[in-house]
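When you line the sequence shown up against the UniProt record's numbering, it's residues 1 to 321, in that order.
In this text, a Cβ means the ideal position worked out from N, Cα and C, and glycines have one as well.
Written below as structure tokens is the structure these notes are about.
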Amino acid sequence: MTQIIEACESKTNTTPDFPMGWYSVARSHELQVGEVKRVHAFDRELALYRTRSGVPVLQDAFCPHLGAHLGVEGKVVGESLRCPFHGWRFDTTGKCVEIPYCEEIPERARIRMWPTQEKNGEVYIWFHPENSAPRFELPTLVELDDEHWTAPRYAEFEVPAHVQDIAENSCDPVHFQYVHRQAHTPESTVTVDDDGRILHLRSDMRDTDHPNQLHAKVFQPGLAMVRTTYAPEAQMMVYNSAQPIDRNTTLLRWTLTVRREIEDLAGDEVMKGIIEGLSQDYPIWANKVHKHRPVFCREDKTLVQFRKWVRQFYVDVRDIT
């Protein structure tokens, strides 16, 4: 029997849907009182604004009247957002509260709102494909308010990869040897908290230019804190929060800080090294496909643990195994 050659995976591959969770949509300092921004996340157009009382609000972008984008030339009026096209005004619940030229407001004059929270110097959206309420709290980055840590530095990267593929790196110690050119694969373990929520990767990075112990605390795909310890008072923290733009593009927002004890000695160098490390990951992410059912080998224990753990963030897990 003739066997037909299958099409290349680059033509047939599909990525998973978006996992539920909290995702960054802006830095707090980037959204001033009265400011309106256009946001593209979860393959949707959104409008983000800060009310006159200082509350960040995120909603679907298009006015239910004639479809104007409220994130482009929309205007904040008190605790509401006014459409630039005909002046219809929507409050923070999504309800239309004013039509300047009509006293009667249609019942259907509403806009979908998204749960929003401001923390760790960022504005977050809660995403769930079934529109369910938040199921867990955001972590607190205590180092931001600790005098023993430096003022944070920020970095952003747009990566052509699904948010899960990027998060999977946290549990892939082997790639440090081949992608990041370390002498050996670091000894690593993965554990999960008793309630199953938070995943921890601990790696012994002794064979690097700056030997260290690494602890990645992963709260969900796209939200993680990575602590690197060189000595008891020589530490660096990288906080990664992601904005899934679409299924194949993710905006990474990194917040970096180091203990003041090493600020002058090596702080700049280690932070620069972390940022430069992304340039080594980028060609892999930009050219890979997402494997729904990877062929794992016996030594891929940490990756297998990650794939089991990540299932909890999807409604339909049939293709996330």
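Where does residue i land, buried or exposed, given buried means 16+ other C-beta within 10 angstroms?
{"i": "Phe-296", "result": "exposed"}
{"i": "Lys-272", "result": "exposed"}
{"i": "Tyr-154", "result": "exposed"}
{"i": "Cys-83", "result": "buried"}
{"i": "Glu-130", "result": "exposed"}
{"i": "Gly-67", "result": "exposed"}
{"i": "Cys-102", "result": "exposed"}
{"i": "Gly-78", "result": "exposed"}
{"i": "Phe-132", "result": "Strictly speaking, residue 132 in this sequence is Ser, with Phe absent from that position. With fewer than 16 Cβ atoms within 10 Å of its Cβ, Ser-132 is classed as exposed."}
{"i": "Phe-306", "result": "buried"}
{"i": "Asn-169", "result": "buried"}
{"i": "Glu-122", "result": "buried"}
{"i": "Asp-31", "result": "The question names Asp, but residue 31 in the sequence shown is Leu. By the 10 Å Cβ count, Leu-31 comes out buried."}
{"i": "Thr-150", "result": "buried"}
{"i": "Thr-189", "result": "exposed"}
For the candidate residues the options, whose alpha-carbon lies nearest to that of residue i?
{"i": "His-162", "options": "Lys-308, Asp-264, Val-190 and Val-289", "result": "Val-289"}
{"i": "Pro-211", "options": "Leu-199, Tyr-230 and Ala-224", "result": "Tyr-230"}
{"i": "Asp-194", "options": "Tyr-101, Trp-309, Gly-87 and His-184", "result": "Trp-309"}
{"i": "Pro-173", "options": "Val-179, Arg-181, Thr-185 and Tyr-239", "result": "Thr-185"}
{"i": "Pro-100", "options": "Phe-90, Tyr-282 and Arg-108", "result": "Phe-90"}
{"i": "Gly-196", "options": "Glu-187, Gln-177, Trp-285 and Lys-217", "result": "Lys-217"}
{"i": "Gln-117", "options": "Ser-28, Lys-291 and Glu-6", "result": "Ser-28"}
{"i": "Glu-45", "options": "His-292, Gln-32 and His-69", "result": "His-69"}
{"i": "Ser-10", "options": "Arg-311, Lys-291, Phe-157 and Gly-94", "result": "Lys-291"}
{"i": "Asp-281", "options": "Asp-17, Arg-112 and Phe-157", "result": "Phe-157"}
{"i": "Asn-240", "options": "Asp-246, Glu-233, Ile-275 and Ala-47", "result": "Ile-275"}
{"i": "Glu-187", "options": "Leu-251, Leu-199, Glu-6 and Thr-302", "result": "Thr-302"}
{"i": "Asp-246", "options": "Ala-183, Ile-4, Gln-305 and Gln-164", "result": "Gln-164"}
{"i": "Glu-261", "options": "Pro-283, Ala-286 and Gln-235", "result": "Gln-235"}
{"i": "Ile-198", "options": "Gln-59, Phe-219 and Tyr-178", "result": "Phe-219"}
{"i": "Leu-58", "options": "Pro-106, Tyr-23, Gln-213 and Leu-265", "result": "Tyr-23"}
{"i": "Gln-312", "options": "Glu-6, Thr-14, Ile-4 and Pro-19", "result": "Pro-19"}
{"i": "Asp-316", "options": "Ile-4, Thr-15, Ile-5 and Glu-6", "result": "Thr-15"}
{"i": "residue 358", "options": "Ser-203, His-180 and Gly-87", "result": "No statement about residue 358 is possible, as the shown extent of the chain runs from 1 to 321 and does not include it."}
Rounded to whole angstroms, how far is the Cβ of residue i from the Cβ of residue j, which I believe are closer than 8 Å?
{"i": "Pro-152", "j": "Thr-257", "result": "5 Å"}
{"i": "Val-55", "j": "Thr-92", "result": "7 Å"}
{"i": "residue 323", "j": "His-148", "result": "This structure leaves residue 323 out entirely; the chain is present only between 1 and 321."}
{"i": "His-215", "j": "Arg-206", "result": "About 15 Å; that fails the 8 Å criterion."}
{"i": "Tyr-49", "j": "Leu-81", "result": "5 Å"}
{"i": "Phe-85", "j": "Cys-63", "result": "6 Å"}
{"i": "Gly-94", "j": "Ile-105", "result": "At roughly 13 Å, the Cβ-Cβ gap does not stay under 8 Å, so Gly-94 and Ile-105 are not in contact."}
{"i": "Trp-126", "j": "Pro-134", "result": "5 Å"}
Alpha carbon to alpha carbon, how far is residue i from residue j?
{"i": "Thr-191", "j": "Leu-278", "result": "25 Å"}
{"i": "Glu-263", "j": "Glu-269", "result": "9 Å"}
{"i": "residue 326", "j": "Ala-26", "result": "Past the edges of the chain, shown from 1 to 321, lies residue 326, and the structure says nothing about it."}
{"i": "Arg-52", "j": "Trp-114", "result": "19 Å"}
{"i": "Glu-137", "j": "Asn-120", "result": "13 Å"}
{"i": "Pro-244", "j": "Thr-2", "result": "42 Å"}
{"i": "Asp-17", "j": "Pro-160", "result": "15 Å"}
{"i": "Leu-201", "j": "Asp-300", "result": "14 Å"}
{"i": "Asp-146", "j": "Arg-108", "result": "48 Å"}
{"i": "Leu-251", "j": "Ala-242", "result": "6 Å"}
{"i": "Leu-223", "j": "Glu-98", "result": "38 Å"}
{"i": "Met-237", "j": "Val-142", "result": "11 Å"}
{"i": "Gln-182", "j": "His-175", "result": "9 Å"}
{"i": "Arg-38", "j": "Thr-249", "result": "17 Å"}
{"i": "Tyr-178", "j": "His-65", "result": "55 Å"}
{"i": "Trp-71", "j": "Ala-47", "result": "Reading off the sequence, residue 71 comes out as Gly, not Trp. Roughly 4 Å separates the two Cα atoms."}
{"i": "Ile-4", "j": "Arg-293", "result": "22 Å"}
{"i": "Ile-284", "j": "Pro-221", "result": "18 Å"}
{"i": "Val-304", "j": "Ile-166", "result": "15 Å"}
Please decide whether residue i counts as near chain C, where near means a Cβ-Cβ distance under 7 Å.
{"i": "Trp-309", "result": "You won't find chain C in this structure, because it holds only one protein chain."}
Report yes if the C-beta of residue i is less than 6 Å from at least one heavy atom of the ligand NAP; otherwise report no.
{"i": "Cys-297", "result": "Absent from the structure shown: the ligand NAP. Ligands present: none."}
Practice task
Taking only runs that begin and end inside the region 94–162, name each unbroken beta strand (DSSP E) of 3 or more residues, in chain order.
Solution key: Contiguous beta strand (DSSP E) elements confined to the region 94–162 occur at 96–98, 116–119, 122–127 and 153–159, taking only those with 3 or more residues.
Exercise for the section: Could you pull out every unbroken beta strand (DSSP E) segment of at least 3 residues lying fully inside the region 216–253, listed in chain order? Expected result: Runs found: 223–231 and 234–246.
Practice task
Give, in chain order, every unbroken run of the alpha helix (DSSP H) that is at least 4 residues long and sits entirely within the region 4–73.
Solution key: 9–12
Practice task
Can you check the region 244–319 for any beta strand (DSSP E) of at least 3 residues that lies completely inside it and give the ranges in chain order?
Solution key: 249–258
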